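In this note's numbering, the protein residues as written are 181 to 248. All C-beta atoms in this analysis are idealised placements derived from N, C-alpha and C, irrespective of residue type, glycine included. Bear in mind that the values here come from a model prediction, so they are computed numbers and not experimental data. Below is one structure, written out as structure tokens; the observations come after it.
Right, here's the structure in full:
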């Protein structure tokens with residue numbers, strides 16, 4: 181299965197969840213300060229463990245940063 185993360189191509193196996201993608205990409209299990217958009221729609225954190233990635237999906241990982 182092929183998908184993109186922040187416009188970079190990735191490959192994965194069926195059953196890959198948003199939570200696993202976030203952990204793989206950020207190295208963070210908790211992922212505080214992170215928001216996810218799947219195919220340009222926000223995915224609530226409560227769905228990360230169950231929402232599976234499909235072939236061709238576009239995932240954007242957005243990280244909150246402090247400052248002005």
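Query - Residues that DSSP places opposite residue 194 in a beta bridge - result: In DSSP, residue 194 forms no bridge with anything.
Query raised in the report: Can the beta-carbon of residue 197 be found closer than 8 angstroms to that of residue 238?
Result: no
Report task. Could you check the C-alpha separation between residue 229 and residue 200 for me, to the nearest Å? Result -> 8 angstroms
Query - Other residues of its chain near residue 211: CB distance less than 7 angstroms, five sequence neighbours each side excluded - result: 202
Requested in this report: May I ask which residues mark the beginning and end of the beta strand (DSSP E) holding residue 223?
Outcome: Counting along the chain, residue 223 falls outside any beta strand (DSSP E), and DSSP gives it neither H nor E.
Query raised in the report: In whole angstroms, what separates the C-alpha of residue 185 from that of residue 217?
Result: 10 angstroms
Query raised in the report: If we ignore side chains and look at the alpha-carbon of each, how far apart do residue 183 and residue 243 end up?
Result: 20 angstroms
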